[in-house]
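Here the numbering used here is used: the first residue of the sequence shown is 314, the next is one more, and so on. First the structure, in the form of structure tokens, and then the observations on it.
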Amino acid sequence: MALKALDIFKNLPKTNCKKCGNPTCLAFAMKLAQKKASLDECPDVSEAGKAALEGASVPPIHLVTIGSGSNSLKIGNETVMFRHEETFYHPPGIAVCIKDDADNIEAAVEKVANLKFHRVGTDIKVDVIAISNTSGDSSKFKAAVEAANSKNLTIVLMSDSTENLAAALEICAPNKPLIHAANKNNWEAYAKLAKDYKCPLAVKIDDPENMAELPAKIKNAGVEDLVLDVTADSFSKTLQILTAIRRLSLKKALPGIGYPCMTFTTGDDPYFSVSQAVTYISKYSGIVVTELDEPEHILPMLTTIMNIFTDPRKPIQVESKLYEIGAVTEESPVLVTTNFSLTYYTVEGEVEASRIPAFICVIDTEGTSVLTAFAADKLTTDAIAAMLISSKIADKIKHKKVIIPGYVAAMSGGLQEDSGWEVLVGPREASGIPKYLKTVWK
Ligand code: SF4
């Protein structure tokens, strides 16, 4: 568990000397607890204090880097079970699995590299590819790895043959692929491979009753960067193991188990596989490997990652300003909304769908949606009236009409008085915007 500020404070000199740039030792302890400072910023902490704090601050889940440079995936080093307790820091990778006996490897790899989407103002994409040596043939495996290595993708190498893996590693070892997978029968040869090529190693957890034994043996053999493959014979069992490992790691209750996990989706029904993937993403899998490669299957997985791996204390926001959607004119409508990203991009999407160019006046409501902002007094007549002035929208249009969301119809009279604008009440839901603009506005 992460150390609390008071536990840290007990091990500091308590002289409030300010050498660390903080007014008191307690202020420094609070920053350390929030991971906003480093212990070596205090020059006077005793050796005993250092030992206590450094020992206790070893991350409960080892941080593993797969891939190299800007193309790397960092997984692990999480500190909480539930996102509302703090935040989740390292988003998992979705690894699309390509079999090396596929008809057209180049096209299959290209398809994975093109799984890119733009959602609520952010680019999201698949950035891991798993190459499976299904053929058992070294030259086919190498050809597939070569194709994957030429793209900007992190690689998982999957083979039962250490010879074939070694041949593939000659091609891509500098890009630090994840080698999959050591098990209780082959672990010594796989550990040697990981050590020789300085690559992370996946470890198959076949015996959930004795989960820490194999990772401990491999660590003792000199391989530190491990990823536990916990895929079991059923969906529910896999979920149980994922949850157990996270809980045991955070409590430091089972030495040797503190590593990130990986899982595989199974089954022939793609929608069942998508359900598996989003469940594993939500419950602690660091990599989810899937054979699905269609955009409609991958987008829900990436969307889940995007939703979960944000800081729940900081809503995703867009800049509060006047946006022009399409080729606006002096006759274009002016809509008001809030700066919560999901709200803004939903409104923007519907305005685009209407094919009627419009201005969107975005009010700073600290990233809250329309009803929440209204209830919290963040979407007020004053705020909208002030935005209509500061945005200088009046210089760009001939009319003086503003459309407010239907949910805040109650403020229309007050806003008309405060702003001097004619206030029109728009639809409650953004989905009603196209019809509203085409009928009521026209
Ligand atoms: Fe306290 Fe160390 Fe900071 Fe001085 S430098 S205020 S002793 S934490």
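Even for Gly, the Cβ is constructed at its ideal location relative to N, Cα and C.
Can you tell which of the options has its C-alpha closest to the C-alpha of residue i?
i      : options                        : result
Thr583 : Asn499, Ala566, Asp606, Ala666 : For clarity, residue 583 is Pro in the given sequence; the question names Thr instead. Answer by Cα proximity: Asp606.
Lys532 : Pro740, Ile554, Ser547, Glu501 : Glu501
Glu663 : Ala689, Gly745, Tyr636, Asp690 : Gly745
Ile484 : Ala461, Asn499, Val715, Asn498 : Ala461
Leu527 : Ile710, Lys627, Ala504, Tyr636 : Ala504
Leu366 : Asp320, Gly380, Gly406, Ile379 : Asp320
Lys530 : Asp414, Lys550, Asn496, Pro740 : Asn496
Lys489 : Ser381, Glu459, Tyr402, Lys317 : Ser381
Thr400 : Ser474, Ile621, Glu742         : Ile621
Ser474 : Leu506, Pro487, Lys464         : Leu506
Ala318 : Lys344, Pro521, Ile600, Leu376 : Lys344
Ser351 : Leu339, Thr337, Cys333         : Cys333
Leu491 : Tyr510, Ile468, Asn498         : Ile468
Lys508 : Pro521, Asp690, Phe430, Ala534 : Ala534
Ser654 : Ala671, Gly680, Thr544, Ile717 : Gly680
Asp581 : Glu459, Glu604, Pro568         : Glu604
Phe548 : Val601, Ala743, Arg560         : Val601
Lys525 : Leu555, Tyr510, Thr551, Ile570 : As written in the sequence, residue 525 is Ala, which differs from the Lys given in the question. Ranking Leu555, Tyr510, Thr551, Ile570 by Cα distance to Ala525 puts Ile570 first.
Ser383 : Lys751, Leu316, Ser472, Lys464 : Lys464
Trp754 : Ala743, Val738, Phe341         : Val738
Phe418 : Lys453, Pro568, Ser385, Leu635 : Sequence check: residue 418 is Ile here, not Phe. Closest option to Ile418, Cα to Cα, is Lys453.
What does the Cβ neighbour count give for residue i, buried or exposed, with the cut at 16 atoms within 10 Å?
i      : result
Phe585 : exposed
His306 : Since the first residue shown for the chain is 314 and the last is 755, residue 306 is missing from the structure and cannot be characterised.
Ile347 : For the record, residue 347 in the displayed sequence is Gln; it is not Ile. Exposed, because fewer than 16 other Cβ atoms sit within 10 Å of the Cβ of Gln347.
Cys512 : buried
His493 : buried
Pro646 : buried
Asn335 : buried
His397 : exposed
Gly434 : exposed
Ser598 : buried
Asn523 : exposed
Thr544 : buried
Asp353 : exposed
Glu644 : exposed
Asp758 : Residue 758 lies beyond the residue range present for the chain, which begins at 314 and ends at 755; the question has no answer from this structure.
Ala342 : buried
Ala743 : buried
Quick check: residue i and residue j, are their CB atoms within less than 8 Å of each other?
i      : j      : result
Ser633 : Ile669 : no
Val409 : Leu428 : yes
Val683 : Thr659 : no
Ser445 : Glu476 : no
Val715 : Val736 : yes
Thr678 : Ala686 : yes
Ala566 : Thr578 : no
Ile374 : Ser562 : yes
Asp542 : Ile558 : no
Thr575 : Ala481 : As written in the sequence, residue 575 is Met, which differs from the Thr given in the question. For Met575 and Ala481, no; Cβs fall outside 8 Å.
Ile407 : Val439 : yes
Ile437 : Met724 : no
Val540 : Tyr572 : yes
Ile673 : Leu648 : yes
Ala479 : Asp413 : no
Pro747 : Gly719 : no
Leu470 : Val425 : no
Got a sec, what are the start and stop residues for the alpha helix (DSSP H) residue i sits in?
i      : result
Leu339 : 338-346
Lys505 : 500-510
Phe622 : Where Phe622 is concerned, there is no enclosing alpha helix (DSSP H), given that its DSSP letter is neither H nor E.
Lys550 : 548-563
Cys485 : 475-485
Lys323 : 318-323
Ser732 : 725-732
Asp832 : What is shown of the chain runs 314 to 755, which leaves residue 832 out entirely.
Ser588 : 583-595
Gly662 : 654-667
What residue does the beta strand (DSSP E) around residue i start on, and which one ends it?
i      : result
Lys542 : The amino acid at residue 542 is misidentified as Lys; the sequence shows Asp. Asp542 -> beta strand (DSSP E) spans 539-542.
Arg741 : Careful: Arg741 lies outside any beta strand (DSSP E) and carries neither H nor E.
Ala515 : 514-517
Ser598 : 598-603
Thr651 : 647-651
Cys574 : 574-577
Ala671 : 671-676
Glu637 : 635-638
Met471 : 467-471
Val715 : 714-717
>> Below 8 Å, how does it come out for the stretch 386-396 and the stretch 353-363: are there three or more Cβ pairs, yes or no?
In response: No: fewer than three Cβ pairs fall under 8 Å.
> Three or more C-beta pairs closer than 8 Å, one from the stretch 725-736 and one from the stretch 696-705: is that the case here?
Replying inline: yes
> Should the stretch 324-334 be regarded as contacting the stretch 349-357, the criterion being three or more beta carbon pairs within less than 8 Å?
Replying inline: Note that the stretch 324-334 touches the stretch 349-357; at least 3 beta-carbon pairs, one per stretch, sit closer than 8 Å.
> Is it true that the stretch 613-629 meets the stretch 586-594, where meeting means three or more beta-carbon pairs spaced less than 8 Å apart?
Replying inline: Enough Cβ pairs lie closer than 8 Å, so yes.
> Using 8 Å as the threshold, is the stretch 702-717 in touch with the stretch 618-631, meaning 3 or more CB pairs across them?
Replying inline: no
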